[in-house]
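So the protein sequences, as listed, match chains B and P. Count the first sequence with my numbering and you get residues 131 to 363, in order. Count the second sequence with my numbering and you get residues 1392 to 1665, in order. Just so you know, even glycine gets a beta-carbon here, dropped at the ideal spot from N, CA and C. Every value quoted in this text rests on a predicted model; they were computed, and no experiment measured them. Structure first, then comments.
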Amino acid sequence: MESLTDASLKALSLLVSGDAELWAIISISFGVSFQAILYTTPPALLTAYALAHFEFPGRRTLVSLFHTLLAVPAVVVGLTLYLLLSRSGPFGDLKLLFTQTAMVLGQMVLSFPILVAMGHSALQSADQRVWETAYTLGAPPLRAMFTVMHEVRYGLFAAVIAAFGRIIAEVGCSMMVGGNILNYTRNITTAIALETSKGQFAQGIALGIVLLVLALVLNYSLSTLRHRLAMQA
Amino acid sequence: MRNAIGVSLIVVTLMLSLSTPPATAAQRPIRLATTTSTDNSGLLRQLLPPFEEQTGYPVHVIAVGTGKALRMGRDGDADVLLVHAYEDEMEFVSARYGVNRRDVMYNDFVIIGPHTDGAKIRGLKDALAALNRIQKAQLPFVSRGDDSGTHKRERWLWRQAGITPGGSWYREAGQGMGKVLQMAEELDGYTLTDRGTWLAHKPTLTHLLLLVAGDQRLYNRYGIIAVSPQRYEDINYRGAMRLIEWLTSQQGQDIIKNFTINGETLFFPLAGAN
């Protein structure tokens, strides 16, 4: 067994030398997760806004439902999606199993509750007067909504970053519905799982480094956002 | 507001530049469900690129255990299967889930274990006797436990030996072959493995030795089966047949024959024997 230092050194040289396969894996990860977050954010924030601003029966139940969904394991989402998308399942005709689209769908399902829950908290913290002012000044409801969202934009950015962090680091769902196909559905996390099972620790570590760097960047931007938010308050 | 537009522009550009488009070749991709042994050993990396180049069919490899691969074929989630569980394959074909099964290659299973070999099975020619001794010695045996071809064979061997394995010495891992070999290394355990994966992993497994080989019962044959187009008419049957033809052609068989790791042959061509 190679030592940790050996594996890490090999990992760095793989990254620096622009190993084509490694970078393909990285770009698949980012492509899929960016798409997922892009498609999920608008409906999720609308939902969060509805939950924060409208009084309707069952609202509290819905809010706690979304909080509960935060804890759903990725493999459960993966298995459910697998059964739905399988050729023998109800949506088999769409032929989506083992495609990037299936991975995007899975990650959308995973990121939705995070965006709703965190977006809801952010929107709740908005000053009710912002909306009232906008509305009384003659802004149509949609316009007033954007004004409120703009007011709490840092909180919403934080929600998006947190959701992105979860889905890019997720392995169970991508493995199940993506199938870990080289150059197509093999992303950072499924590749790490595979390389580890093959005993190729160097590539696993190289990919781990990429994820760590990403986590660092995300957290740094999150704290910068928080800082700016605190300055404003 | 300008900020938000800037951010979304960056996001969109990143997305476009980073996401690799799905294979846009002229031909529909072939979904090949196969065992971890053919993929993890590196064989498919030698075998598939020339095929993709010559025919224009991209091949999507989904590496799972044989049990899962057969299941995927039955559900129509794969176009063609490269697996190693002869009886199950025959059953799959006779149940009309698959057609045109052909032999592709063979190697053998081997029993490997710690070099201390507490069960004293080294050099035995009889696999059942070896299993008997391992059970008597109550030494760790790591089972795949995942209904793969190797796991099916292992359970068959225990049955033949008249043993129902169980107890703290029998560890069902539920993982692929490479992972199970690593577990055997860490646990000083015995396990049954195909020779290909064993050879591919041997350099990193310093505590393990090949202990038993050569028993007729350890013969390991790989077959390829197209999923029946009668069952799923929009399956990529043409692609599947092209792949079957190619793997059993002289060129495919030569690549299999010439594929070595550290000078050792992993798989032997078998298509001539059809």
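Contact set for residue i: own chain, Cβ-Cβ below 8 Å, skip 5 residues either direction
{"i": "Thr-1588 (chain P)", "result": "Thr-1427, Ser-1428, Asn-1431, Ser-1432, Met-1568, Gly-1569, Leu-1572"}
{"i": "Val-1452 (chain P)", "result": "Leu-1423, Thr-1425, Asp-1430, Leu-1435, Leu-1439"}
{"i": "Gln-1551 (chain P)", "result": "Leu-1519, Arg-1608"}
{"i": "Glu-281 (chain B)", "result": "Ala-256, Asp-257, Val-260"}
{"i": "Tyr-265 (chain B)", "result": "Pro-271, Ala-274"}
{"i": "His-197 (chain B)", "result": "Pro-243, Ala-247"}
{"i": "Gly-1663 (chain P)", "result": "Gln-1644"}
Nearest neighbour of residue i, chosen from the options [CA to CA]
{"i": "Tyr-284 (chain B)", "options": "B:Gln-333, B:Leu-324, B:Ser-353, B:Arg-189", "result": "B:Ser-353"}
{"i": "Gly-1540 (chain P)", "options": "P:Gln-1529, P:Gly-1514, P:Leu-1609, P:Gly-1504", "result": "P:Leu-1609"}
{"i": "Leu-348 (chain B)", "options": "B:Gln-165, B:Ile-297, B:Leu-209", "result": "B:Ile-297"}
{"i": "Phe-164 (chain B)", "options": "B:Leu-346, B:Met-275, B:Ser-241", "result": "B:Ser-241"}
{"i": "Leu-1578 (chain P)", "options": "P:Leu-1519, P:Gly-1557, P:Gly-1643, P:Thr-1507", "result": "P:Thr-1507"}
{"i": "Tyr-1448 (chain P)", "options": "P:Asp-1466, P:Leu-1473, P:Pro-1420", "result": "P:Pro-1420"}
{"i": "Gln-237 (chain B)", "options": "B:Val-206, B:His-250, B:Ser-251", "result": "B:Val-206"}
{"i": "Leu-312 (chain B)", "options": "B:Leu-145, B:Phe-294, B:Ala-137, B:Trp-153", "result": "B:Trp-153"}
{"i": "Phe-1442 (chain P)", "options": "P:Ala-1510, P:Phe-1659, P:Met-1632, P:Thr-1656", "result": "P:Met-1632"}
{"i": "Val-1670 (chain P)", "options": "P:Ile-1646, P:Pro-1660, P:Gln-1641, P:Asn-1627", "result": "With chain P covering 1392 to 1665 only, the question about residue 1670 (chain P) has no answer from this structure."}
{"i": "Gln-230 (chain B)", "options": "B:Leu-192, B:Leu-200, B:Thr-263, B:Ser-159", "result": "B:Ser-159"}
{"i": "Gly-295 (chain B)", "options": "B:Ser-216, B:Leu-346, B:Leu-145", "result": "B:Leu-346"}
{"i": "Leu-287 (chain B)", "options": "B:Ala-174, B:Arg-217, B:Asp-223", "result": "Note that residue 287 (chain B) is Phe in the sequence shown, not Leu. Ranking B:Ala-174, B:Arg-217, B:Asp-223 by Cα distance to Phe-287 (chain B) puts B:Ala-174 first."}
{"i": "Met-233 (chain B)", "options": "B:Pro-187, B:Phe-186, B:Gly-309", "result": "B:Gly-309"}
{"i": "Val-1618 (chain P)", "options": "P:Thr-1446, P:Gly-1558, P:Ile-1647, P:Tyr-1488", "result": "P:Tyr-1488"}
{"i": "Ala-299 (chain B)", "options": "B:Tyr-169, B:His-183, B:Ile-318", "result": "B:Ile-318"}
{"i": "Phe-1500 (chain P)", "options": "P:Asn-1491, P:Trp-1547, P:Glu-1576, P:Ser-1640", "result": "P:Trp-1547"}
{"i": "Lys-1543 (chain P)", "options": "P:Leu-1599, P:Leu-1583, P:Ala-1521, P:Phe-1650", "result": "P:Leu-1583"}
{"i": "Arg-1513 (chain P)", "options": "P:Val-1603, P:Gly-1467, P:Gly-1553", "result": "P:Val-1603"}
{"i": "Ser-1485 (chain P)", "options": "P:Arg-1465, P:Trp-1560, P:Tyr-1497", "result": "P:Arg-1465"}
{"i": "Ala-1591 (chain P)", "options": "P:Thr-1651, P:Ala-1460, P:Lys-1527", "result": "P:Thr-1651"}
{"i": "Ala-289 (chain B)", "options": "B:Thr-170, B:Ser-304, B:Ile-156", "result": "B:Thr-170"}
{"i": "Phe-1658 (chain P)", "options": "P:Phe-1483, P:Leu-1461, P:Val-1495", "result": "P:Val-1495"}
Three-way DSSP call (helix, strand, coil) for residue i in this model
{"i": "Asn-1431 (chain P)", "result": "helix"}
{"i": "His-1475 (chain P)", "result": "coil"}
{"i": "Arg-1612 (chain P)", "result": "strand"}
{"i": "Arg-217 (chain B)", "result": "coil"}
{"i": "Leu-206 (chain B)", "result": "In the sequence as presented, Leu is not what sits at residue 206 (chain B); that position holds Val. Here Val-206 (chain B) sits in helix by DSSP."}
{"i": "Tyr-1497 (chain P)", "result": "strand"}
{"i": "Asn-1627 (chain P)", "result": "coil"}
{"i": "Gly-1467 (chain P)", "result": "coil"}
{"i": "Pro-187 (chain B)", "result": "coil"}
{"i": "Phe-196 (chain B)", "result": "helix"}
{"i": "Pro-1505 (chain P)", "result": "strand"}
{"i": "Leu-168 (chain B)", "result": "helix"}
{"i": "Ala-1359 (chain P)", "result": "The question about residue 1359 (chain P) has no answer here: the residues shown for chain P are numbered 1392 through 1665."}
{"i": "Thr-231 (chain B)", "result": "helix"}
{"i": "Ser-133 (chain B)", "result": "coil"}
{"i": "Pro-1660 (chain P)", "result": "strand"}
{"i": "Gly-1643 (chain P)", "result": "helix"}
{"i": "Asn-1491 (chain P)", "result": "strand"}
{"i": "Leu-1602 (chain P)", "result": "strand"}
Neighbourhood of residue i by C-beta distance below 6 Å, restricted to the same chain and skipping five residues each side
{"i": "Ala-1469 (chain P)", "result": "Arg-1422, Ala-1424, Met-1463"}
{"i": "Tyr-1581 (chain P)", "result": "Gly-1504, Ile-1525, Phe-1532"}
{"i": "Ser-239 (chain B)", "result": "According to the sequence provided, residue 239 (chain B) is Val. The question's Ser does not apply to it. Contacts found: Val-207."}
{"i": "Ala-360 (chain B)", "result": "none"}
{"i": "Leu-139 (chain B)", "result": "none"}
{"i": "Lys-1459 (chain P)", "result": "none"}
Same chain only: Cβ atoms within 7 Å of residue i, ignoring 5 sequence neighbours per side
{"i": "Lys-1511 (chain P)", "result": "Arg-1524"}
{"i": "Asp-1606 (chain P)", "result": "Lys-1516, Asp-1517, Ala-1518"}
{"i": "Val-146 (chain B)", "result": "none"}
{"i": "Gly-302 (chain B)", "result": "Pro-203, Ala-204, Val-205, Gly-208"}
{"i": "Val-193 (chain B)", "result": "Leu-181, His-250"}
{"i": "Leu-1596 (chain P)", "result": "Leu-1572, Glu-1576"}
Exercise. Can you list, in chain order, the stretches of the alpha helix (DSSP H) that have 4 or more residues and sit fully within the segment 1512-1600 of chain P?
Worked result: 1518-1528, 1540-1551, 1568-1578, 1586-1592
Problem set entry | Sequence ranges, alpha helix (DSSP H) only - wholly within the segment 1419-1463 of chain P, length at least 4 | 1427-1431, 1434-1446
Exercise. Which full runs of the alpha helix (DSSP H) of 4+ residues lie inside the segment 272-354 of chain B, going along the chain?
Worked result: 283-298, 302-308, 318-328
Exercise. If contact means a Cβ-Cβ distance below 7 Å, which residues of the segment 1424-1435 of chain P contact chain B?
Worked result: Asn-1431
Exercise. The segment 216-229 of chain B: which residues have C-beta closer than 9 Å to a C-beta of chain P, in chain order?
Worked result: Ser-216, Arg-217, Ser-218, Gly-219, Gly-222, Asp-223, Lys-225, Leu-227, Phe-228, Thr-229
Exercise. Listed in chain order, which residues of the segment 312-325 of chain B have Cβ atoms closer than 9 Å to some Cβ of chain P?
Worked result: Leu-312, Asn-313, Tyr-314, Thr-315, Leu-324
Problem set entry | Where the segment 1454-1470 of chain P meets chain B: residues whose CB sits under 9 Å from a CB there | Ala-1454, Val-1455, Met-1463, Arg-1465, Asp-1466, Gly-1467, Asp-1468, Ala-1469
For this session: Residues of the segment 299-312 of chain B with a CB closer than 9 Å to any CB of chain P: list them in chain order, please.
Result: Gly-309, Asn-310, Ile-311, Leu-312
Exercise. Name the residues in the segment 324-353 of chain B whose C-beta lies less than 7 Å from a C-beta of chain D; which are they?
Worked result: Looking at the structure shown, chain D is missing, and the protein chains on hand are B and P.
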